[in-house]
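Okay, so the sequence shown: first residue is 0 according to numbering that gives the first Met the number 0, each after it adds one. Positions of the beta carbon are idealized from the N, C-alpha and C atoms, including for glycine.
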Amino acid sequence: MEVKCSSCHKTINIPDQKIPQGKSFSVRCPSCRGKISVDLSPPPEQSQPQAAAEGWAEQQQKEADAFAVSGEDYDASEKPFDFLEEEGLTAMLLEHDSEKAAHIKEVLEVMDYHVTMPENIREALRKMKYHQFNLIVLNETFDSSSPDANGVLIYLQRLNMHVRRNMFVALLTERYDTKDNMAAFLKSVNLVINPKDIKNIDRILTRAINDNDLFYTVFKESLKKLGRV
């Protein structure tokens, strides 16, 4: 086994029979007498909860990838808004708490959105494959063991920017304050809403969507002037 001294950079050859297997040890550099530490101890095993969470995250990413590229046959049940005219507004609501979901759905309908509420992430990904929603309200823990491994959020983060900028995504999370712009940027969403502010979600959403529409109106006009649209 060869080891290198971090002080003088001399390479030392240690006979394998003198190396304690699976343990840490140290030797003195014959040139500078500096201490060379070698750690051969095995890495700690993952705890079952951690391994399970990572396995779930990997599965969520696989599903998001599959639906992003899949070419499965058309299923009318997966296209809930085929009957709408082009100007009709559509929203997808992903909230596991039935009471909160009912309140948010009522608010969205008052805002003239046609709302669909998938039962799980797999169903949500199917619907997004066939329809570009104007608004998505997503609880980061919806059908997910980890808020950082939500399949829908992963799918949205990988969308082409030309498609993504035509959607407004509001993330429901207890980890950040409502309207935390830095958190929204980090999560690649338009708006962060803390569930404690659900009672005011109508005003919060309306203001944020209006601001977003105004910004992109100016943005798209600038692209037209530059000949990029």
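Following the DSSP letters along the chain, one finds M181 inside the alpha helix (DSSP H) bounded by residues 180-186. Inclusion of A123 and V162 in the CB contact set at 7 Å is not warranted, their separation being larger than that value. Here the alpha carbon of C7 sits roughly 56 Å from the alpha carbon of A169. Out of T10, E94, Y215, the CA that lies nearest to the CA of F141 is found in E94. Around the C-beta of K126, 16 or more other C-beta atoms lie within 10 Å, and the residue is accordingly described as buried.
One thing to note: V191 has its Cβ within 7 Å of the Cβ of Y175.
Of the candidates N12, K3, P19, K3 places its Cα closest to the Cα of K34. Cβ-Cβ separation between N133 and L88: approximately 5 Å, consistent with a contact (criterion under 8 Å). Between K223 and V217, the alpha-carbon positions lie close to 10 Å from each other. Here L88 carries a strand assignment [DSSP, helix/strand/coil]. Going by beta carbons, F167 and N211 fall inside the 7 Å limit. The C-beta of P29 has fewer than 16 other C-beta atoms within 10 Å across all chains shown, which makes the residue exposed. Cβ neighbours of D15 within its own chain (closer than 8 Å, five residues either side excluded): M0. T115 carries a strand assignment under DSSP once its states are collapsed to helix, strand and coil.
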